[in-house]
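So the number in the numbering used here is just where the residue sits in the sequence shown, counting from 1, plus 588.
In this text, a Cβ means the ideal position worked out from N, Cα and C, and glycines have one as well.
Just so you know, these numbers come straight off a predicted model, no measurement behind them.
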Amino acid sequence: MTAIISLVGRTNVGKSTLFNRLTGRKKALVHDRPGVTRDRREGKAVLFGCTFTAVDTAGLENGGKLADSMWRQTQKALQVSAAIIFMVDVRAGVTPLDKKTAQTLRKVGRPVILAANKAEGRDLILQDLYSLGFGEPVLISAEHGLGMSDLFEALSPYIQENAGEENAEQPQEKRKRVRKKEEEIDLTDETVKEEDLIGRVIDLAVVGRPNVGKSTLVNRLLGEDRMLTGPMAGLTRDAISIDWTYKGRLLRLTDTAGLRRRSRIEDDLEKLSAADTKRAAFLAQVVILVLDADAILDKQDLTIARQVLDEGRALVIAVNKWDMVKDKKQVLQILNDRIATSLTQVKGLKTVAVSARTGEGLDRLMQAVFDVYAVWNSRISTGRLNRWLTKMTEQTPPPLSATKRPIPLKYITQAKTRPPTFALFSSNPEKLPESYLRYLIKGLAQDLKIEGIPIRILMRKAKNPYENKARSGQKSHKKRK
589 MTAIISLVGR
599 TNVGKSTLFN
609 RLTGRKKALV
619 HDRPGVTRDR
629 REGKAVLFGC
639 TFTAVDTAGL
649 ENGGKLADSM
659 WRQTQKALQV
669 SAAIIFMVDV
679 RAGVTPLDKK
689 TAQTLRKVGR
699 PVILAANKAE
709 GRDLILQDLY
719 SLGFGEPVLI
729 SAEHGLGMSD
739 LFEALSPYIQ
749 ENAGEENAEQ
759 PQEKRKRVRK
769 KEEEIDLTDE
779 TVKEEDLIGR
789 VIDLAVVGRP
799 NVGKSTLVNR
809 LLGEDRMLTG
819 PMAGLTRDAI
829 SIDWTYKGRL
839 LRLTDTAGLR
849 RRSRIEDDLE
859 KLSAADTKRA
869 AFLAQVVILV
879 LDADAILDKQ
889 DLTIARQVLD
899 EGRALVIAVN
909 KWDMVKDKKQ
919 VLQILNDRIA
929 TSLTQVKGLK
939 TVAVSARTGE
949 GLDRLMQAVF
959 DVYAVWNSRI
969 STGRLNRWLT
979 KMTEQTPPPL
989 SATKRPIPLK
999 YITQAKTRPP
1009 TFALFSSNPE
1019 KLPESYLRYL
1029 IKGLAQDLKI
1039 EGIPIRILMR
1049 KAKNPYENKA
1059 RSGQKSHKKR
1069 K
């Protein structure tokens, strides 16, 4: 376990900017508006070769129900911290809220490092900072990366012990993809490389429209109030990831901000949140789309589902607030009809009725996640694929080419998994219409038991067996001349 270092302070002092610099990625949303961060966010941070866990917390504010909820989240981070970075805005000076925060932090019983942010290029008055009672302030500029060596010196007693283990890891060598030559492909090969899916970490993102219960669902799965929840839409702004274990399986669970229609988004902060949500969803392996049982698969739900499938992610649909539904049979019928008519690119999507409030259906939801993840990683032997292709072309031959003969499909092989992607070789690949490809994809899903996930078929130009002979004949003819 690496040391946990929490970043604490009032709103808009630069905590998220420092978090992004320490983690080396723009994971936390940064905006001029105060109070952007609401949930605490964790990330692997590296400072001068030492590794630790940085925790970005919500900006401290005066009073209010939401402020109290955010403070409770911050307290949970402080309780497990090896040290605390207390950030203040040196340009604004010490405010009453800074003084109140200092009094609170003294009671926590953890080492506190006072970081005076935004200290670039100005004549600074530091006397007020000493009044906070945390000794010599560390002058930094999180935006420009100034003062990081001084910050490391202050942090080193708390992160040095854990540096060796993390730094012992060697960077993985880049893997080069080597395409097999056509003559190396054995069309009768029945071997399938078995992969250990149990030991892998599953990246699982929870997405949906605002106020459908995503954060409540995440909290119920985790068994703790990890995310802020409430009747007000838009509480979640950042995509927050949590490492989690469910029945021995390792997952990285990501809660995301609600996605509204693009035409309704005018606020630039909401645009940032929407972009962060899409990034998290498109980088996930399995995506849970949460629907409100009272408004199943409206236009925005369908848009989200299509984008997830187009990115090649595995999708599971969770119909939330199921405990509130009176006519359950009718609601399921409506859902199935909408999926059948509006999400035609994938057959057999898994749908699970759940209640995030009561916990109903969550075991079935997680089983659906594991099932669809296994199918998403499916690998099929070349021999089985080509027997299937022969059957499909005999049932429905490909369309006729310009020579009035069916477009020849030579053979098929699997190019990769995640999602299953197949290379189909033909002498005229550009002539095969999309309708016939859809026919093949539908057959793949049904016949080879890989339904409920996106499937891709890539057309490839088959090698002309007479090409080399023709060239050698031309060369010998030139020599005779």
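Residue span of the alpha helix (DSSP H) that contains Ser930, given as start and end:
Against the sequence shown, residue 930 aligns to sequence position 342. Taken as a continuous stretch (DSSP letters only), the alpha helix (DSSP H) holding Ser930 covers 916 to 930.
Using a Cβ distance threshold of 8 Å, determine whether the stretch 969 to 978 contacts the stretch 882 to 894, with at least three qualifying pairs required.
no
For Ile995, count neighbouring Cβ atoms within 10 angstroms of its own Cβ and tell me buried if that reaches 16, exposed if not.
Residue numbering aside, residue 995 sits at position 407 when the sequence shown is read from its first letter. Taking all protein chains in view, the Cβ of Ile995 is crowded by 16 or more other Cβ atoms within 10 Å, so the residue is classified as buried.
Rank Gly681, Ala707, Leu809 by C-alpha distance to the C-alpha of Val942 and give the top, closest one.
The residue given as residue 942 occupies position 354 in the sequence shown. Here the closest residue by C-alpha is Leu809.
In angstroms, rounded to a whole number, what distance separates the CA positions of Trp910 and Lys938?
Counting from one through the sequence shown, the residue named residue 910 turns up at place 322. Counting from one through the sequence shown, the residue named residue 938 turns up at place 350. Rounded to whole angstroms, the separation of the alpha carbons of Lys938 and Trp910 is 16 Å.
Limits of the unbroken alpha helix (DSSP H) element including Ile892:
Working through the sequence shown from its first residue, we reach residue 892 at position 304. Here the alpha helix (DSSP H) through Ile892 covers 887 to 898.
Where does the unbroken alpha helix (DSSP H) through Ile747 begin, and where does it stop?
As a first step, residue 747 is located in the sequence shown; it is residue number 159 there, counting from the start. Ile747 -> alpha helix (DSSP H) spans 736 to 747.
Rounded separation between Arg626 and Arg598 - CA only:
Walking along the sequence shown from the start, residue 626 turns up at place 38. Walking along the sequence shown from the start, residue 598 turns up at place 10. The pLDDT assigned to Arg626 is 48, lower than 50, so where the model puts this residue is not dependable, and the model offers no usable value.
Any idea which residues DSSP pairs Glu630 with across the strands?
Taking the sequence shown and counting its residues from 1, one reaches residue 630 at position 42. Looking at the DSSP assignment, Glu630 forms a beta bridge with Val643.
Once you ignore the five residues that flank Ala670 on each side, which residues in its own chain have a CB closer than 7 Å to its CB?
Mapped onto the sequence shown, residue 670 falls at position 82. For Ala670, where only same-chain residues beyond five positions count, the Cβ hits under 7 Å are Ala591, Ile592, Ile593, Tyr746.
Cut-off 7 Å between Cβ atoms - residues of its own chain near Gly752, not counting five sequence neighbours on either side:
Translated into the one-based positions of the sequence shown, residue 752 becomes position 164. Caution applies to Gly752, whose pLDDT of 42 falls short of 50 and renders its modelled position unreliable; the model cannot decide the point.
Beta-carbon proximity check, Asp677 vs Ala646, cutoff 9 Å
As a first step, residue 677 must be located in the sequence shown, where it is residue number 89. As a first step, residue 646 must be located in the sequence shown, where it is residue number 58. Result no, Cβ atoms of Asp677 and Ala646 do not sit closer than 9 Å.
Return the Cβ separation of Arg867 and Leu792 in integer angstroms, given the expectation that the two are a contact with Cβ distance under 8 Å.
Position 279 of the sequence shown, counting from 1, holds the residue named residue 867. Position 204 of the sequence shown, counting from 1, holds the residue named residue 792. Not confirmed; about 15 Å, so no contact.
Can you tell me whether Pro759 is helix, strand or coil according to DSSP?
What you label residue 759 is simply residue 171 of the sequence shown in a count that begins at 1. Low local confidence applies: a pLDDT of 39 at Pro759 is under 50, so the model's placement there is unreliable, with the coordinate-based value given in what follows. Three-state result, Pro759: coil.
Measuring only the C-alpha atoms, how far is Glu778 from Arg797?
The count along the sequence shown starts at 1 and reaches residue 778 at position 190. The count along the sequence shown starts at 1 and reaches residue 797 at position 209. For the pair Glu778 and Arg797, the Cα-to-Cα distance works out to about 45 Å.
Measuring alpha carbon to alpha carbon, tell me which of Ala869, Leu871, Lys802, Val789 ends up nearest Lys835.
To locate residue 835, count along the sequence shown from 1; it is residue 247. When the alpha-carbon of Lys835 is set against those of Ala869, Leu871, Lys802, Val789, the nearest one is in Val789.
By the 10 Å Cβ neighbour count, where 16 or more other Cβ atoms means buried, how is Arg1076 classified, buried or exposed?
There is no way to answer for residue 1076, as the model of the chain reaches only from 589 to 1069.
Using CA coordinates, which residue listed in Leu890, Thr639, Lys664, Glu1022 is at the minimum distance from Arg629?
Looking up residue 629 in the sequence shown gives position 41. Out of Leu890, Thr639, Lys664, Glu1022, Lys664 has the C-alpha closest to the C-alpha of Arg629.
Determine the extent of the beta strand (DSSP E) in which Ile786 is found, giving its start and end residues.
Within the sequence shown, the letter at position 198 stands for residue 786. Neither: Ile786 is in no beta strand (DSSP E) and is coded neither H nor E.
As a quick exercise: from Ser829, Arg837, Thr833, pick the residue whose alpha carbon is nearest that of Asp843.
On the sequence shown, residue 843 is found 255 positions in, with the first residue counted as 1. Of the candidates Ser829, Arg837, Thr833, the one whose C-alpha sits nearest the C-alpha of Asp843 is Ser829.
Which complete beta strand (DSSP E) runs does the stretch 670 to 707 hold, if anything under 3 residues is left out?
Taking only runs of at least 3 residues, the beta strand (DSSP E) segments lying wholly in the stretch 670 to 707 are 671 to 677, 700 to 705.
CB contact flag (Arg926, Pro1007, <9 Å):
Here the question's residue 926 lines up with position 338 in the sequence shown. Here the question's residue 1007 lines up with position 419 in the sequence shown. No; because the gap between Cβ atoms is not below 9 Å, this pair is not in contact.
Can you tell me whether Leu877 is buried or exposed? The criterion is at least 16 other CB atoms within 10 Å of its CB, across all chains shown.
Taking the sequence shown and counting its residues from 1, the one referred to as residue 877 is at position 289. Burial call: buried.
Give me the Cα-Cα distance between Leu714 and Val907, rounded to the nearest whole angstrom.
Within the sequence shown, residue 714 is the residue found at index 126, counting from 1. Within the sequence shown, residue 907 is the residue found at index 319, counting from 1. If you take the alpha carbons of Leu714 and Val907, they lie about 55 Å apart.
Alpha carbons only, please: which of Ser729, Lys914, Val919, Ala872 is nearest the one belonging to Glu899?
On the sequence shown, position 311 is the one that residue 899 refers to. Closest option to Glu899, Cα to Cα, is Ala872.
At the level of alpha carbons, what is the spacing between Lys603 and Arg975?
The sequence position of residue 603 within the sequence shown is 15, counting from 1. The sequence position of residue 975 within the sequence shown is 387, counting from 1. Approximately 59 Å between the Cα atoms of the pair.
Would you kindly work out how many angstroms separate the C-alpha atoms of Tyr961 and Asp774, rounded to a whole number?
Sequence index remark: in the sequence shown, residue 961 carries index 373 (1-based). Sequence index remark: in the sequence shown, residue 774 carries index 186 (1-based). Going by the C-alpha atoms only, they are around 28 Å apart.
Return helix, strand or coil for Val960, following the three-state DSSP convention.
Within the sequence shown, residue 960 is the residue found at index 372, counting from 1. Looking at Val960 - three-state DSSP - the assignment turns out to be helix.
Would you kindly work out how many angstroms separate the C-alpha atoms of Gly787 and Asn799, rounded to a whole number?
Against the sequence shown, residue 787 aligns to sequence position 199. Against the sequence shown, residue 799 aligns to sequence position 211. Their Cα atoms are separated by approximately 34 Å.
Can the beta-carbon of Leu685 be found closer than 9 Å to that of Leu702?
Sequence index remark: in the sequence shown, residue 685 carries index 97 (1-based). Sequence index remark: in the sequence shown, residue 702 carries index 114 (1-based). Cβ distance not < 9 Å, so Leu685 and Leu702 don't count as in contact.
The beta strand (DSSP E) enclosing Thr611, as first and last residue numbers
What you label residue 611 is simply residue 23 of the sequence shown in a count that begins at 1. Careful: Thr611 lies outside any beta strand (DSSP E), inside the alpha helix (DSSP H) at 603 to 611.
Drop a sphere of 10 angstroms on the beta-carbon of Asp1035, count the other beta-carbons inside from all chains shown, and report buried for 16 or more, exposed for fewer.
Within the sequence shown, residue 1035 is the residue found at index 447, counting from 1. Flag for Asp1035 reads exposed.
Which of helix, strand or coil does DSSP assign to Gly733?
Here residue 733 corresponds to residue number 145 of the sequence shown, with the count starting at 1. Three-state DSSP puts Gly733 in coil, outside helix and strand.
Kindly give me the distance between the Cβ atoms of Leu666 and Val696, rounded to whole angstroms, as I take these residues to be in contact under 8 Å.
The sequence position of residue 666 within the sequence shown is 78, counting from 1. The sequence position of residue 696 within the sequence shown is 108, counting from 1. About 5 Å separates the two Cβ atoms, so the contact holds.
Top-ranked residue by Cα proximity to Cys638, from Phe740, Ser729, Asp644, Ala730:
Residue mapping note: residue 638 aligns to position 50 of the sequence shown, counting from 1. Measuring from the Cα of Cys638, the nearest candidate turns out to be Phe740.
Rounded to a whole number of angstroms, what is the C-alpha to C-alpha distance between Arg1044 and Leu931?
Within the sequence shown, the letter at position 456 stands for residue 1044. Within the sequence shown, the letter at position 343 stands for residue 931. The alpha-carbon separation between Arg1044 and Leu931 amounts to approximately 16 Å.
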